[in-house]
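Novice: Pasting in a structure now, in structure tokens, and then I'll have a few things to ask.
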């Protein structure tokens, strides 16, 4: 694509169309952009547009498109198409920093993100001058530019907060510190001086305080891994200024907005984080500064209001106290009973109270409420911070803290009892307090796993939780109902089974509640209860115990999907999936009705997939319906196909990328259930599955391979007789997969199915070419994964076509090739093969080579015979060799960058491991003994003499054991 006005105009028109709400206009435009993004200059055209377009909307759209393009394509992945040419990469890196710094803030943010994505891959090795280019801009004095640099540095360095320690990381951080720490400290001091100079200029202060907040974030990132020498030497500068900023109160920076945190709050929040980091990790060095920070942060907490805009500040300030009180160093600060009482009274209880702002979120923004309360999102709430502080205090002062809070809990419950209608918030706080006091350790899988012995959870459940759950009006006091449901859910591992069984029908009833939070919590609680395991590892709650409520459970779950705000509620869909899984055949009578509802839902969400978890559980539920029903009656598979194929056709025709891999998995499941040959509806689709475009997307590969394997399993002969012209296409797919290090194992899955299920004569003409391709790949890049797959393939070939055929095909490619493969690959590497079935295939294949291949006995290959037998006995007796050479770093499929829908395996569409040898060989050791006996009968005396001269004593001993077990002896 040339850099000219015509191309810029075309790009503008298509970007405009991608903003159209109508999918019939938007989708083709997105497809067009996807089709041209591999062209040279595409990225440069986008940068030109975002710099020069007169239309601001187009500039922002170009910036976002550019950032997403970089996110998908910058990382170079071996075997994958590199869509950004080297020339474009150089142009981008040469211009992007300057472009970012001179753009308006909206565009600056997008380009800043793009720089950090490029930096993650290229900095420092391939972009050594990035930091110096950025640091020199500090001298400009223009804070729009300086903030652009700081924002970019923040997005570049924040990964240091969660990277694993490594030499490479230390070297990078050292380089950053050497270039960046001194200028950053100077900028910090200059900015603080400017704040005093411009103390009465609100516009200047806004910019300067944005800078200070970014500088404080960078301080956190650069100090996270370890305490750098530079910052230790300059601790006085940083900590004194941080402390001054914490106590600063400039009236001009106070905002009237009750929701949005102002610049002052954001800065102080970050300083609390920085102080907590030092208190936790560098307590010795930080000790001289700690008392003044504790005082300043305590004063902050007792003087800050309850408005939402202070939430981040208050929660970070409380987290600071929580991190301090957990350290033995600082235990003495909290020992006084009055201090503990004061913390409980002035900090913990007020911040656990349910505010009207929380009530608004509960009612009007249920998704956000659930994200914060149930999932523990990144947004730290006051409640969670207060809860963490309770846990921190309980580490050393569990007795006194429990005593203080027990008083509060009793008085709050008494207040509630006086007038529930008005005082319901008191009970909410009491439940939260009990929860935070009782919770010592928690996991996603089991809820609270360790509870305080000082809190009687069962008694509290009986006296205060059950009453709310039993209340006949599910819509009364929805917050308390949600609290009660959550209590059951998080303490499920602590409550006795009879109480959980008592709760189940009550939870089923709460699925009908109008409140989104309430019915979501009910669904989530049921789903968690259904996954619990009893002492005998079966589910704690059995289908028989669910029998009285099964119909109501299924009805209420599906009705909940119709409630406002829950049409794509992932918790409800997950509960449907889990209910099917628990109930098994008890669900069969309801499936005909439910499958229609699930199919209708699938049709709706496929128009605009937006909730990946919901969609995943929807497909899992479909798979469960199919599995459970067809297990009872395989003939019903046809009725599922009738229901699902129209929707699947639409998904495939409209290329709904998120759903295509799921469709292939469900189709594999359906096809595998068929008992006779392939139905014609599947054969009509077969040619389309071989189209190269489908194989371009990483997410399609595993499910497509599995679907083709299902075709071969059910109809290898049908394909050979009615679609022989498609065999080259099938082998073309194998060839494409073989060329990729990430997907070569998928290529072998396909090849093994072709060998196993296709009539031998249908692939005779292609066999030699297949082996040539394998050898070319062996020569170009021999990885452990490839070797393992190769060994399984040649063993399967040997089992299927015989040892002579294997030896002949090798030796027709190149004389003596068979011996080279045995000596260089089979004998030294077979120990690496893993998995019971794969090891069995190799054992049977090698046995056949040893005992059914004449040239192993009468040619120069004979010297390899004992070595091969020794390797086989090693395969039986030695542990698997799982070592991988140092220079092999596989690209994991999930690791590939890009927009492409990652492959999500459907748990309930999984297929059983297939054993191509099956029952014909149950014990490979016995087979070896019997085969050696047969060989020794054909040529008496040869086998024992080869064994006695060449096999080591230990291997010989094992072999004697096999012969005895098989009741045979060698002649």
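Residue numbers (UniProt numbering): 1 to 971. By construction, the Cβ of each residue, glycine as well, lies at the ideal position given by its N, Cα and C atoms.
1. Excluding the five sequence neighbours on either side, which residues of its own chain have a C-beta within less than 6 Å of the C-beta of residue 17, listed in chain order?
2. Distance check for residue 633 and residue 859, CA to CA, integer angstroms please.
3. Since residue 539 sits in a beta bridge, which residues does DSSP pair it with?
4. For residue 439, which three-state DSSP category applies?
5. Do the segment 502 to 510 and the segment 543 to 553 make contact, defined as three or more Cβ pairs closer than 8 Å?
6. Are the CB atoms of residue 832 and residue 800 nearer to each other than 8 Å?
7. Enumerate in chain order the residues of its own chain whose CB-to-CB distance from residue 691 is below 7 Å, with the five nearest sequence positions on each side excluded.
8. Strictly by DSSP, which residues pair up with residue 451?
9. Taking just the CA atoms, how far does residue 175 sit from residue 248?
10. Measuring straight from C-alpha to C-alpha, what distance separates residue 314 and residue 393?
11. Provide the residue span of the alpha helix (DSSP H) that contains residue 581, from first to last.
12. Consult DSSP for residue 968 and reduce its assignment to one of helix, strand or coil.
13. Between the Cα of residue 942 and those of 878, 873 and 854, spot the shortest distance and give me the residue it belongs to.
14. Is residue 688 buried or exposed, if buried means 16 or more other CB atoms sit within 10 Å of its CB?
15. Within this structure, are the beta carbons of residue 917 and residue 966 separated by less than 8 Å?
16. Does the count of Cβ pairs from the segment 653 to 667 and the segment 613 to 628 closer than 8 Å reach three?
17. Are the beta-carbon atoms of residue 318 and residue 386 separated by less than 8 Å?
18. Could you compute how far the alpha carbon of residue 645 sits from the alpha carbon of residue 921?
19. Starting from the C-beta of residue 509, find all residues in its chain whose C-beta is less than 7 Å away, skip the five residues before and the five after it, and write them out in chain order.
20. Assuming residue 323 and residue 279 make a contact with CB atoms under 8 Å, what is their CB distance in whole Å?
21. By alpha-carbon positions, which one of 45, 782 and 758 ends up nearest to residue 61?
22. Below 8 Å, can you find three or more Cβ-Cβ pairs linking the segment 204 to 213 to the segment 158 to 165?
23. So, for residue 381: in the same chain, excluding its five sequence neighbours on each side, which residues have a beta-carbon less than 7 Å away from its beta-carbon?
24. Can you check which of these residues, 228, 141, 866 and 512, is closest to residue 182 by C-alpha distance?
25. What's the gap between the Cα of residue 205 and the Cα of residue 304?
26. Helix, strand or coil for residue 410 per DSSP?
27. Pick helix, strand or coil for residue 74, following the three-state DSSP scheme.
28. Grab the span of the alpha helix (DSSP H) containing residue 358 for me, first residue to last.
29. Given a cut-off of 8 Å, decide if residue 241 and residue 188 are closer than it, judged by their beta-carbon atoms.
30. The ligand ADP and residue 224: does the residue's C-beta get closer than 7 Å to at least one heavy atom of that ligand?
31. Which two residues bound the contiguous alpha helix (DSSP H) that contains residue 12?
32. Considering Cα atoms alone, identify which of 715, 575, 958 and 653 is closest to residue 620.
33. Quick check on the DSSP output: what are the complete alpha helix (DSSP H) runs of length 4 or more inside the segment 459 to 546, in order along the chain?
34. Nearest-angstrom Cα distance between residue 4 and residue 48?
35. State buried or exposed for residue 356, treating a residue as buried only when at least 16 other CB atoms are found within 10 Å of its CB.
36. Take the Cβ of residue 755 as the centre, count every other Cβ of all protein chains shown within 10 Å, and call the residue buried at 16 or more, exposed below.
Specialist: The structure says:
1. Counting only Cβ-Cβ distances below 6 Å, and skipping sequence neighbours, we find 25 and 29.
2. As the crow flies, the alpha-carbon of residue 859 is around 57 Å from that of residue 633.
3. Here residue 539 is bridged, per DSSP, to 533.
4. It is a strand residue.
5. Proximity of the segment 502 to 510 to the segment 543 to 553 meets the contact definition, three or more beta-carbon pairs being nearer than 8 Å.
6. In this structure, residue 832 lies away from residue 800, with their beta-carbon atoms at least 8 Å apart.
7. Take residue 691, set aside five residues on each side of it, and no residue of its chain has a beta-carbon closer than 7 Å to its own.
8. DSSP output for residue 451 lists 439 as bridge partner(s).
9. Going by the C-alpha atoms only, they are around 34 Å apart.
10. C-alpha separation (whole angstroms): 18 Å.
11. According to the DSSP assignment, residue 581 belongs to the alpha helix (DSSP H) that extends over 570 to 583.
12. Residue 968: coil per DSSP, three-state reduction.
13. When 878, 873 and 854 are compared, the shortest CA-CA separation from residue 942 is found for 854.
14. The residue is exposed, with fewer than 16 neighbouring Cβ atoms inside 10 Å.
15. Not in contact: residue 917 and residue 966 (Cβ atoms no closer than 8 Å).
16. By the criterion of at least three beta-carbon pairs nearer than 8 Å, the segment 653 to 667 is in contact with the segment 613 to 628.
17. Yes; because the gap between Cβ atoms is below 8 Å, this pair is in contact.
18. Counting only the Cα atoms, residue 921 lies some 40 Å from residue 645.
19. The beta carbon of residue 509 sits closer than 7 Å to those of 474, all from its chain and outside the five residues before and after it, given in chain order.
20. Between residue 279 and residue 323 the Cβ distance is about 5 Å, and since that is below 8 Å, they are a contact.
21. If you compare the alpha carbons of 45, 782 and 758 with that of residue 61, the shortest gap goes to 45.
22. Cβ pair count under 8 Å is below three, so no.
23. Once the five neighbours on either side are set aside, the close Cβ partners of residue 381 are 311, 315 and 372.
24. Ranking the options by Cα distance to residue 182, first place goes to 228.
25. About 22 Å.
26. Under the three-state reduction of DSSP output, residue 410 falls in the helix class.
27. Shown here, residue 74 sits in coil according to DSSP, grouped into three states, outside any helix or strand.
28. 356 to 364 is the span of the alpha helix (DSSP H), which, as asked, contains residue 358.
29. The answer is yes: Cβ separation under 8 Å.
30. Of the ligands one can find in the structure shown there are none, so the ligand ADP has no counterpart to examine.
31. Secondary structure note for residue 12: its alpha helix (DSSP H) is the uninterrupted segment 5 to 18.
32. In terms of CA proximity to residue 620, 575 leads the group 715, 575, 958 and 653.
33. 466 to 470, 478 to 490, 497 to 510, 516 to 531 and 543 to 546, all fully within the segment 459 to 546.
34. The alpha-carbon atoms of residue 4 and residue 48 are separated by roughly 10 Å.
35. By the 10 Å Cβ count, residue 356 comes out exposed.
36. Residue 755 comes out buried.
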